[in-house]
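What follows is one structure encoded as structure tokens, with my remarks underneath.
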Amino acid sequence: MRQRKLRNLDTKYEAYSDIIVDSPAEMKGRWSERSGGAPLFIEIGCGKGKFISELAAREPEHFFVAIEGNKSVMLRAMEKIRKFGLTNVAFIPELAGDLSDWFEEGDADGIYLNFSDPLPKNYWYKRRLTYRDRLKSYFRVLKPSGTVTFKTDNTDLFNWSVLEIIASDLKILDITRDLHADPEANASNIETEYEAKYSGFGEKIKRVVIGRK
Ligand code: SAH
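Per the numbering used here, residue 84 is the first one in the sequence shown, and the count goes up by one each step.
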């Protein structure tokens with residue numbers, strides 16, 4: 084059953100070969116061939132793509148790389164990009180590790196982490212996307228002025244992430260613990276799938292923008 088499901092997925096993926104990056108390591112230092120030299124932004128864990136598709140539609144002058152480890156979820160994101168007729172998004176169907184395997188220093192202008200898995204067990208902390216070594220690795224591919232923007236409803240993960248930012252010697256450029264109640268921060272906000280769901284349950288959405296010191 085599982086085999087058949089995977090085969091079906093592969094067939095569906097064929098229709099999106101133009102927007103899938105199969106060997107991201109080969110793109111290291113060559114992303115401008117894909118982006119046409121446009122500023123490049125990365126989302127790690129794009130899910131079903133509500134955020135990346137709306138952002139790419141709003142910012143046609145930018146190029147976006149959406150990374151998603153779950154192939155069937157990523158299919159939904161690619162469908163949205165097609166439906167919107169967007170050509171400024173490429174997808175990497177893999178779990179992101181050290182981004183410097185795929186991107187050269189200065190390749191990226193910004194990185195988005197939206198509702199990253201909280202991985203609540205203590206011994207999982209190194210796999211959280213806001214773990215200090217991961218945060219540092221993001222800044223190895225960002226331009227000097229580049230930023231990482233992290234949103235979540237999860238208070239424990241958010242508080243832990245703020246400590247990781249401080250431990251990484253990075254700078255908090257902006258922080259809110261109730262994004263939807265903050266008119267300035269909320270004005271340009273694009274809701275993700277998880278954001279719509281959890282704010283609907285009454286959870287407050289937290290957001291932090293991280294830069295270099
Ligand atoms: N950003 C979406 C989905 C959040 S759920 C939203 O806000 O609605 C977190 C997603 O991140 C899941 O789809 C999971 O498969 C993906 N993910 C977790 N770790 C990842 C990694 N290292 N690389 C790529 N995707 C990852």
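Cβ atoms here follow ideal geometry from the backbone N, Cα and C, with glycine treated the same way.
Fair warning: this is a prediction, and the values are worked out from it, not measured in the lab.
Rounded distance between the beta-carbons of Arg-215 and Leu-202, thought under 8 Å: Taking the first residue of the sequence shown as position 1, residue 202 is located at position 119. Taking the first residue of the sequence shown as position 1, residue 215 is located at position 132. Contact flag wrong, Cβ pair sits at about 15 Å.
Per DSSP, the bridge partner or partners of Ala-173: To locate residue 173, count along the sequence shown from 1; it is residue 90. According to DSSP, Ala-173 bridges with Val-148.
Contact under 9 Å by Cβ, Ile-248 with Leu-225: Mapped onto the sequence shown, residue 248 falls at position 165. Mapped onto the sequence shown, residue 225 falls at position 142. The answer is no: Cβ separation not under 9 Å.
DSSP-derived helix/strand/coil call for Asp-261: Taking the sequence shown and counting its residues from 1, the one referred to as residue 261 is at position 178. Looking at Asp-261 - three-state DSSP - the assignment turns out to be coil, as it is neither helix nor strand.
The ligand SAH heavy atom lying under 8 Å from the CB of Lys-289: Along the sequence shown, read from residue 1 onward, the residue named residue 289 stands at position 206. Every heavy atom of the ligand SAH is 8 Å or more from the Cβ of Lys-289, so no.
Touching by the beta-carbon criterion (3+ pairs, under 8 Å), the segment 123 to 138 and the segment 169 to 189: With a cut-off of 8 Å, the segment 169 to 189 and the segment 123 to 138 count as touching, because enough Cβ pairs lie within range.
Three-state class that DSSP yields for Arg-113 in the structure shown: In the sequence shown, counting from the first residue as 1, residue 113 sits at position 30. Correct three-state label for Arg-113: coil.
Classification of Asn-91 by the beta-carbon crowding that lies within 10 angstroms, buried from 16 upward: Here residue 91 refers to the residue found at position 8 when the sequence shown is read from its first residue. Result: exposed.
Neighbourhood of Asp-261 by C-beta distance below 6 Å, restricted to the same chain and skipping five residues each side: Indexing the sequence shown from 1 puts residue 261 at position 178. Contacts found: Lys-287.
Runs of beta strand (DSSP E) wholly within the segment 229 to 278 (minimum 3 residues, chain order): 254 to 259
Inter-residue spacing [alpha-carbon to alpha-carbon] between Ile-255 and Tyr-96: As a first step, residue 255 is located in the sequence shown; it is residue number 172 there, counting from the start. As a first step, residue 96 is located in the sequence shown; it is residue number 13 there, counting from the start. About 39 Å.
For Tyr-277 and Gly-193, the rounded distance between their alpha carbons: Locating residue 193 in the sequence shown gives position 110, where the first residue counts as 1. Locating residue 277 in the sequence shown gives position 194, where the first residue counts as 1. As the crow flies, the alpha-carbon of Gly-193 is around 21 Å from that of Tyr-277.
Continuous alpha helix (DSSP H) stretch holding Glu-162: start and end: Within the sequence shown, residue 162 is the residue found at index 79, counting from 1. That run of the alpha helix (DSSP H) goes 154 to 166.
beta-carbon Thr-275 near the ligand SAH non-hydrogen atom, thresh 8 Å: To locate residue 275, count along the sequence shown from 1; it is residue 192. Indeed, a heavy atom of the ligand SAH lies less than 8 Å from the Cβ.
heavy atom of the ligand SAH below 8 Å from Glu-151 C-beta: For this step, residue 151 is matched to residue 68 along the sequence shown. Answer for Glu-151: yes, Cβ within range of the ligand SAH.
Closest residue to Arg-223 among Tyr-208, Leu-212, Trp-243, Ala-191 (Cα-Cα distance): Working through the sequence shown from its first residue, we reach residue 223 at position 140. Nearest of Tyr-208, Leu-212, Trp-243, Ala-191 to Arg-223, Cα basis: Ala-191.
Beta-carbon spacing of Met-161, Gly-119 below 9 Å: One-based indexing of the sequence shown puts residue 161 at position 78. One-based indexing of the sequence shown puts residue 119 at position 36. No; because the gap between Cβ atoms is not below 9 Å, this pair is not in contact.
Buried versus exposed call for Pro-143 [16 or more other C-beta atoms within 10 Å across all chains shown]: Position 60 of the sequence shown, counted from the start, is the residue given in the question as residue 143. Label assigned to Pro-143: exposed.
Pairwise C-alpha distance: Phe-186 and Val-291: For the purposes of this step, residue 291 is taken as residue 208 along the sequence shown, with counting starting at 1. For the purposes of this step, residue 186 is taken as residue 103 along the sequence shown, with counting starting at 1. Approximately 23 Å, taken between the alpha carbons.
Near the ligand SAH: Gly-180 beta-carbon under 8 Å from a heavy atom: If you number the sequence shown from 1, residue 180 lands on position 97. Correct: Gly-180 has its Cβ closer than 8 Å to the ligand SAH.
Status (buried if at least 16 other CB within 10 Å, exposed otherwise) for Thr-230: One-based indexing of the sequence shown puts residue 230 at position 147. Counting other Cβ atoms within 10 Å of its Cβ, Thr-230 reaches 16 or more and is therefore classed as buried.
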